[in-house]
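Student:
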Amino acid sequence: MTALGGCLSLVTLVAAGILLRATVSLYSYSGHGKRPMFGDFEAQRHWQEVTVNLPIADWYRNTTDNDLLYWGLDYPPLTAYHSFLVGKWAQLQDPKFVELHKSRGITNQGHKRFMRNTVLLADLLIYIPAVLLACHAVRKTIHRESATGVDLLFMATAILYPGQLLIDNGHFQYNNISLGFAAVAIAAILRNRNLLGAFFFVLALNYKQMELYHALPFFFYLLASCFKSTKGFSLGSALWKLIKLGALVVATFAVLWSPWLGSVDSALQVLHRVFPVARGVFEDKVSNVWCIVNVFVKLRNFDNAHMAIVCLTCTLFAVLPSCVHLLFHSTSKRNFLLALANSALGFFLFSFQVHEKSILLAALPITLLFPPLSSPVLLVPADRYL
47 MTALGGCLSL VTLVAAGILL RATVSLYSYS GHGKRPMFGD FEAQRHWQEV TVNLPIADWY
107 RNTTDNDLLY WGLDYPPLTA YHSFLVGKWA QLQDPKFVEL HKSRGITNQG HKRFMRNTVL
167 LADLLIYIPA VLLACHAVRK TIHRESATGV DLLFMATAIL YPGQLLIDNG HFQYNNISLG
227 FAAVAIAAIL RNRNLLGAFF FVLALNYKQM ELYHALPFFF YLLASCFKST KGFSLGSALW
287 KLIKLGALVV ATFAVLWSPW LGSVDSALQV LHRVFPVARG VFEDKVSNVW CIVNVFVKLR
347 NFDNAHMAIV CLTCTLFAVL PSCVHLLFHS TSKRNFLLAL ANSALGFFLF SFQVHEKSIL
407 LAALPITLLF PPLSSPVLLV PADRYL
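Residue numbers for the sequence shown, in the numbering used here: 47 to 432.
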């Protein structure tokens, strides 16, 4: 295929991805008209209402104007900043979209169209370019022998993955942003841009704490890469790489969390909201190990703190072998992707307070591992989601 033909195919693929998402967006969303909480669509809108109307110190705090029992903000700071930006945009469109208290449960076509467009914009600016970048990195570093047709199918599988499309553009969420940052981080790691990869992974983690599912493979791979070099081992060079990496991670966290770092109480309140142990071991509709065990042993009768320890122990047993393996094979990009997939699946099956959407974290690296498979195998999983 010529360069022009490849470019046209890529543009057509992206256009198809946007068109399909826009079509799904025409339908209803989670919680529409269902009082008193109205579903995840209202949660995202309410966070916009809170962030544009209240001082930043009150975003995660229970106040007379911020009832945490009504969709209190429970994601890290980058989600809050994104909600603030979208909320400001909403005020320009129609101040009633985010009017304090009075906008709860707002349901009209103008607001629905606005919210749907914000997700499409995130798809177009972040998720789709990031996934294509990750596909390109995989093509250059792991699957160098694949044919053009397989490459197009590979990218189509990533862009048109039904899980992300239905959850974000149908149900209504912004998983595309954290997944996009994670995809850029993966692409950077595969291209040996470790500092850039660490930076984008910190962004992903600070948008949604679910990215902890990918954290251990990133940690072990980056740690091993500091102490391995094609030019021979040097302790000084290894320590300098480690210091630079650690400084970048700490500095990025510090900047993102700076509004709450002036007070220990404020920082702890954010952490309390981001990691709500009191909610219980699993959500009602998650098909993981604890949901199955609960059929025989009612886990909600156990203390949440004790269950959190049990979940952590089981999760570490499931994910650590593939992560520790990276310490001895840090140059294997394929092993890195396999560890990401294994870690995400391990967390989904065994960790505490798992959500249905968490399966998207396993789907991302698994999708990037698709090229060695034949076309029919690729199509079957996609068909099962439709």
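Ideal Cβ positions, reconstructed from N, Cα and C, are used throughout, including at glycine. Bear in mind the structure is a predicted one, so any value in this text is a computation, not a measurement.
#1: Considering only DSSP beta bridges, list what residue 400 is partnered with.
#2: Return the CA-CA distance between residue 432 and residue 207, expressed in angstroms with no decimal places.
#3: Quick check on residue 361: buried or exposed, where buried means 16 or more other Cβ atoms within 10 Å of its Cβ?
#4: In chain order, what are the residue ranges of uninterrupted alpha helix (DSSP H) at least 4 long that sit wholly in the region 150 to 232?
#5: Is DSSP giving residue 109 helix, strand or coil here?
#6: Within a Cβ cutoff of 7 angstroms, which residues of the same chain sit near residue 250, ignoring the five residues on either side of it in sequence?
#7: Since residue 209 contacts residue 409 with CB under 8 angstroms, what's their CB separation in whole angstroms?
#8: Distance check for residue 87 and residue 234, CA to CA, integer angstroms please.
#9: Would you call the CB atoms of residue 8 and residue 403 closer than 8 angstroms?
#10: Out of 91, 54, 336, 97, state which residue places its alpha-carbon closest to the alpha-carbon of residue 392.
#11: I need the straight-line Cα distance from residue 292 to residue 302, nearest angstrom please.
#12: What would DSSP say about residue 88, mapped onto helix, strand or coil?
#13: Taking the straight line between their C-alpha atoms, what separation do you get for residue 415 and residue 117?
#14: For residue 114, which residues of its own chain have a beta-carbon under 7 angstroms away from its beta-carbon, when the five flanking residues on both sides are left out?
#15: Confirm, please, whether the CB-CB distance from residue 164 to residue 253 is below 8 angstroms.
#16: Consult DSSP for residue 306 and reduce its assignment to one of helix, strand or coil.
#17: Going by alpha carbons, who is nearest to residue 213 out of 350, 375, 73?
#18: Considering only residues of the same chain and omitting the five flanking positions on each side of residue 345, which have a CB-CB separation below 7 angstroms?
#19: Tell me the residue span of the alpha helix (DSSP H) that contains residue 362.
#20: Can you tell me where the alpha helix (DSSP H) holding residue 243 begins and where it ends?
#21: Terminal residues of the continuous alpha helix (DSSP H) containing residue 413?
#22: Out of 111, 329, 175, 341, which one is the CA nearest neighbour of residue 400?
#23: Taking the beta carbon of residue 157 as the centre, do at least 16 other beta carbons fall within 10 Å, making it buried, or is it exposed?
#24: Which residues in the same chain as residue 211 place their Cβ atom closer than 7 angstroms to its Cβ, once the five residues preceding and following it in sequence are excluded?
#25: Hey, would you say residue 357 sits closer than 8 angstroms to residue 382, going by beta carbons?
#26: What are the boundary residues of the alpha helix (DSSP H) that residue 132 is part of?
#27: Assuming residue 161 and residue 91 make a contact with CB atoms under 8 angstroms, what is their CB distance in whole Å?
#28: With a threshold of 8 angstroms, are at least 3 pairs of Cβ atoms found where one atom belongs to the region 267 to 282 and the other to the region 315 to 323?
#29: Does DSSP classify residue 334 as helix, strand or coil?
#30: Residue 151 to residue 185, Cα distance in whole Å?
#31: In terms of residue numbering, what span does the alpha helix (DSSP H) encompassing residue 263 cover?
#32: Taking 6 angstroms as the limit between beta carbons, can you name the residues of its chain near residue 368, skipping five residues before and five after?
#33: Residue 94: which of 120, 82, 305, 281 sits nearest, CA to CA?
#34: Quick one: what does DSSP say residue 66 is sitting in, helix, strand or coil?
#35: Excluding five sequence neighbours on each side, which residues of the same chain lie with their C-beta closer than 8 angstroms to the C-beta of residue 144?
#36: Going by beta carbon distance, what residues of the same chain come within less than 8 angstroms of residue 80, once the five residues before and after it are set aside?
Tutor: According to the structure shown:
#1: For residue 400, which the question treats as bridged, DSSP gives the partners 328.
#2: With a pLDDT of 37 at residue 432, under the threshold of 50, the modelled position of this residue cannot be trusted; read the value that follows with caution. Each residue's alpha carbon lies about 10 angstroms from the other.
#3: buried
#4: 155 to 168, 174 to 187, 194 to 205
#5: strand
#6: Cβ within range, chain order: 224, 227, 228, 231, 257.
#7: 5 angstroms
#8: 32 angstroms
#9: In this structure the chain extends from 47 to 432, so residue 8 is not present and cannot be described.
#10: Ranking the options by Cα distance to residue 392, first place goes to 336.
#11: 16 angstroms
#12: helix
#13: 36 angstroms
#14: 108
#15: No. Outside cutoff.
#16: helix
#17: 73
#18: 327, 336, 339, 353, listed in sequence order.
#19: Residue 362: member of the alpha helix (DSSP H) spanning 350 to 374, first to last residue.
#20: 240 to 253
#21: 405 to 414
#22: Nearest of 111, 329, 175, 341 to residue 400, Cα basis: 329.
#23: Buried, because 16 or more other Cβ atoms sit within 10 Å of the Cβ of residue 157.
#24: 66, 67, 70
#25: The answer is no: Cβ separation not under 8 angstroms.
#26: 123 to 139
#27: 7 angstroms
#28: By the Cβ test, the region 267 to 282 is not in contact with the region 315 to 323, since fewer than three Cβ pairs between them sit closer than 8 angstroms.
#29: coil
#30: 45 angstroms
#31: For residue 263, the enclosing alpha helix (DSSP H) has its first and last residue at 261 to 272.
#32: Shown here for residue 368: same chain residues with a beta carbon closer than 6 angstroms to its own, the five before and five after excluded, namely 385, 388 in chain order.
#33: 120
#34: helix
#35: Around residue 144: 91, 94, 95, 98, 99, 133, 136, 137.
#36: none
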